[in-house]
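Here the structure comes first, spelled out in structure tokens, and everything after it is commentary.
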Amino acid sequence: MIHAPLYGLVLAGGASRRMQVDKAAIEYEGQTQLQRAFNLLSVVCSKTFVSVRADQVNDSTRIAYSQIVDRHTDLGPLAGIAAAQATHSNAAWLIMACDLPFINAQTLQYLIDHRDAEQMATAFRSTHDNLPEPLCTIWEPSSVAVVRNWIGIGQKCPRKLLINSSIALLEQPQSNALDNINTPAEHLEALKILQSRPLNINVQYFALFREQAGKRDELIVSVATSPALLYTELQQRYGFTLEMKQLKVAINNEFSEWNAALKQNDRVAFIPPVAGG
Amino acid sequence: MISFSFSAVPLDCPALQRELNDPRAGGFVCFEGWVRNHNEGHDVTKLEYEAFEALAIKEADRIITEAVNQFGVLRASCVHRVGSLAIGDVAVWVGVSSVHRDEAFKACRYIIDEVKHRLPIWKKEYYVNGDSGWVNCERCAEVTHNHDHEHHHHNKDS
């Protein structure tokens, strides 16, 4: 039989509260998560789009991509799924979250090779709880009405929808491929696994940090790609009591953003709440 | 003329004032922040100031330039102590000379307010009971430096 054409959608509208930075913009090996996810889908889908909230349309990380704008608010990933289906209702959609650092082309190809277009969706089984993983799933045109009804009765959870529906459920060919990251600590762990080129960073400690680290400065060899991740790593190492949101950060003796890219031999200083004068 | 510096030794305030002399000036306004013997109900015995000097000097030059441009004063300077200070010591000195008094008062007030909020300088208080702590970090840790309103706890008249 002839399947509906397969379009790709990257979900990148999440609020990233626990991550503290925009998930779509965080990088592995010089590529944003959004870019990595988009490139992977582009290889296996005939058209690929990025799902955004209305207020993200002109965001610098997202503006370069073909976008599909949410039509619902406060609906989470289901808003992205519904908007895609409303835009191209006769397509099947491979809809994937952007925060899956271990996803690869083989896993996506496996999903497509084992797609069952007779079912409303084809999804992987979670290796953590054996339930469907909704955020790397093919949604067939037959799911359009089901999704619409689900929203209509006030439901928000796409996972619950898959659990309550007849779908094709696949075992993952690679066990960690769908592990997502929600915190700076998980981001750091992912970098350790993915990245083979750590940086030499000179870290200066002042005031409370100097006392808690027991030194004024040191050379750190780290896979952290930003000051935010470096702070997460050093907080784990030294038990720093200050929260990142209380601090400012400087790179090479100038104030910096928390998600700035660290470079080889940068000098980094974390700035506790000040009390001069 | 603008300048900011740190000093590890007690400040010579009359000498700092002389550097702001200008034949065009009709007045001079100065603020001195002094180490006070109490803070928030605790008896303070001494203070230690620590600074990230390389960054603080850049940021302070920006603050003083802002003040000179915004209020049109002739000269402005600021010196901040680092190291161990005793009760009554001058911790920070700000001086401004200008043609008329109004802009001198405003520029002086602007500089001390911005210095307190923006410069990477930290203060450790030592108390009579033997305790000690970094202000805003261990003492009143919920207060961050990155805000617009005045701090509610100062151990000097500043």
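If you read the protein sequences in the order shown, they are chains X and S.
Here the first sequence is numbered in the numbering used here, starting from 332 and rising by one per residue.
Here the second sequence is numbered in the numbering used here, starting from -17 and rising by one per residue.
For glycine and all other residues, C-beta sits at the position ideal for the given N, C-alpha and C.
Do you know whose CA, among the options, lies nearest residue i's CA?
i	options	result
X/Leu466	X/Ala591, X/Gly344 and X/Val534	X/Gly344
X/Leu409	X/Leu342, X/Val554 and X/Pro504	X/Leu342
X/Trp424	X/Gln543, X/Phe380, X/Ala544 and X/Asn583	X/Phe380
S/Ala86	S/Ile94, S/Arg0 and S/Val55	S/Val55
S/Ala(-10)	S/Arg83, S/Tyr109, S/His62 and S/Ser80	S/His62
S/His20	S/Asn3, S/Val81 and S/Ser114	S/Ser114
X/Leu612	S/Trp104, S/Val110, S/Gly112 and S/Asn111	No answer is possible for residue 612 of chain X: the residues shown for chain X start at 332 and end at 608.
X/Ile484	X/Ser391, X/Lys594 and X/Leu406	X/Leu406
X/His518	X/His334, X/Leu337 and X/Glu358	X/Glu358
S/Lys106	S/Ala42, S/Arg83 and S/Ala33	S/Ala33
X/Ala606	S/Val74, S/Arg83 and S/Phe13	S/Val74
S/Ala7	S/Leu101, S/Gly23, S/Ile94 and S/Asp84	S/Asp84
X/Ser397	X/Ala415, X/Ile434 and X/His403	X/Ala415
S/Cys60	S/Pro102, S/Ile39 and S/His99	S/Ile39
X/Thr453	X/Leu493, X/Ala422, X/Pro604 and X/Asp390	X/Leu493
S/Arg44	S/Cys(-5), S/Leu101 and S/Arg18	S/Leu101
X/Lys594	X/Pro558, X/Leu442 and X/Gly608	X/Pro558
X/Thr363	X/Lys576, X/Ser474, X/Pro604 and X/Ala592	X/Ala592
S/Cys119	X/Leu340, X/Asp548 and X/Glu574	X/Glu574
X/Pro504	X/Pro515, X/Asn533, X/Pro472 and X/Phe433	X/Phe433
S/Cys12	S/Trp116, S/Arg0, S/Pro5 and S/Arg18	S/Arg0
S/Val117	S/Glu22, S/Val81, S/Gly77 and S/Val110	S/Glu22
X/Gln440	X/Cys376, X/Ser496 and X/Val477	X/Cys376
X/Ala413	X/Ala499, X/Val478 and X/Phe586	X/Val478
X/Ile394	X/Ile498, X/Arg402 and X/Val383	X/Val383
S/Ser(-13)	S/Glu41, S/Val81 and S/Cys90	S/Glu41
X/Val552	X/Gly570, X/Thr572, X/Pro336 and X/Arg528	X/Arg528
S/Ile94	S/Asn111, S/Val81, S/Val110 and S/Val76	S/Val76
X/Gly361	X/Thr572, X/Thr514 and X/Val554	X/Val554
X/Pro548	X/Tyr536, X/Gly570 and X/Val400	Before going on, a small fix: residue 548 of chain X reads as Asp here, not Pro. Closest option to X/Asp548, Cα to Cα, is X/Tyr536.
X/Glu588	X/Tyr569, X/Thr556 and X/Gly608	X/Thr556
In the DSSP assignment, find the beta strand (DSSP E) that holds residue i and state where it starts and stops.
i	result
X/Ile602	Arg598 to Ile602
S/Cys60	Arg57 to Arg63
X/Phe586	Glu585 to Ser587
X/Ile399	Gln398 to Val400
X/Arg456	Ala452 to Arg456
X/Glu564	Counting along the chain, X/Glu564 falls outside any beta strand (DSSP E), though it belongs to the alpha helix (DSSP H) covering Pro558 to Tyr569.
X/Ile426	Ala423 to Ala428
S/Ser106	Here the sequence assigns Lys to residue 106 of chain S, which means Ser is not the residue at that position. S/Lys106 -> beta strand (DSSP E) spans Ile103 to Tyr109.
X/Tyr338	Leu337 to Leu342
S/Ala73	Val72 to Ser80
X/Gln535	Leu530 to Gln535
By the criterion of Cβ-Cβ separation under 7 Å, what are the contact partners of residue i in chain X?
i	result
S/Gly15	Gly608
S/Val97	Gly607 and Gly608
Taking residue i as the query, report the chain S residues whose CB atoms sit under 8 Å from its CB, ordered along the chain.
i	result
X/Ala538	Glu32, Trp104, Lys106, Trp116 and Cys119
X/Ala356	The premise fails here: X/Ala356 is roughly 22 Å from chain S at the closest Cβ pair, so nothing lies under 8 Å.
X/Ala581	Phe34, Leu37 and Pro102
X/Ala544	Under the 8 Å cutoff, chain S gives no residues; its nearest Cβ is about 14 Å from X/Ala544.
X/Ile532	None at all; the shortest Cβ gap to chain S is about 16 Å.
Below 8 Å on C-beta distance, what does residue i contact in chain X?
i	result
S/Ala36	Asn584
S/Lys28	Correct list: empty, because the minimum Cβ distance to chain X is about 15 Å.
Residues of chain X with a CB under 9 Å from the CB of residue i: which are they?
i	result
S/Leu101	Val605, Gly607 and Gly608
S/Ile94	Gly608
S/His62	Gly607 and Gly608
S/Ile88	The residue asked about is misnamed: residue 88 of chain S is Lys in this sequence, not Ile. Residues of chain X passing the Cβ test: none, with the nearest at roughly 17 Å.
What residue range is occupied by the uninterrupted alpha helix (DSSP H) comprising residue i?
i	result
X/Gly483	Val475 to Gly483
S/His99	Arg83 to Arg100
S/Val117	S/Val117 -> no alpha helix (DSSP H), and no H or E assigned at all.
S/Glu41	Glu35 to Phe53
X/Lys491	Pro489 to Ile494
X/Thr317	No statement about residue 317 of chain X is possible, as the shown extent of chain X runs from 332 to 608 and does not include it.
X/Thr468	That residue, X/Thr468, is in no alpha helix (DSSP H); its beta strand (DSSP E) goes Pro463 to Trp470.
X/Asn370	Gln364 to Val375
X/Lys523	Pro515 to Leu525
S/Ala(-3)	Cys(-5) to Arg0
Could you tell me which chain S residues have their CB closer than 9 Å to the CB of residue i, listed as they occur along the chain?
i	result
X/Ile512	By Cβ distance, chain S contributes nothing, its closest Cβ being about 27 Å from X/Ile512, past 9 Å.
X/Ile399	By Cβ distance, chain S contributes nothing, its closest Cβ being about 36 Å from X/Ile399, past 9 Å.
At a Cβ threshold of 7 Å, is residue i touching chain C?
i	result
X/Ile426	Checking the listed chains, one finds no chain C in this structure; the protein chains it contains are X and S.
Residues of the region 104 to 121 of chain S in Cβ contact with chain X at a cutoff of 8 Å, in chain order, please. Trp104, Lys105, Lys106, Trp116, Val117, Asn118, Cys119 and Glu120
Whether or not the region 584 to 604 of chain X and the region 46 to 60 of chain S are in contact is what I'm after, with contact meaning three or more pairs of Cβ atoms, one per stretch, closer than 8 Å; do they touch? no
Is there contact between the region 62 to 80 of chain S and the region 26 to 42 of chain S, where contact requires at least three CB pairs shorter than 8 Å? yes
Where the region 552 to 580 of chain X meets chain S: residues whose CB sits under 7 Å from a CB there: Leu573, Gln577 and Lys579
Do three or more CB pairs link the region 508 to 525 of chain X to the region 417 to 436 of chain X at distances below 8 Å? yes
Name the residues in the region 71 to 82 of chain S whose C-beta lies less than 8 Å from a C-beta of chain X; which are they? Ala73 and Val74
Closer than 8 Å between beta carbons: that is the criterion. Which residues of the region 584 to 600 of chain X meet it against chain S? Along the region 584 to 600 of chain X, the positions whose C-beta sits under 8 Å from a C-beta of chain S are Asn584, Glu585, Phe586 and Ala600, read in chain order.
Inter-stretch contact (C-beta, 8 Å, three-pair minimum) for the region 451 to 458 of chain X and the region 364 to 378 of chain X: Contact between the region 451 to 458 of chain X and the region 364 to 378 of chain X is absent: fewer than 3 CB-CB pairs across the two stretches fall below 8 Å.
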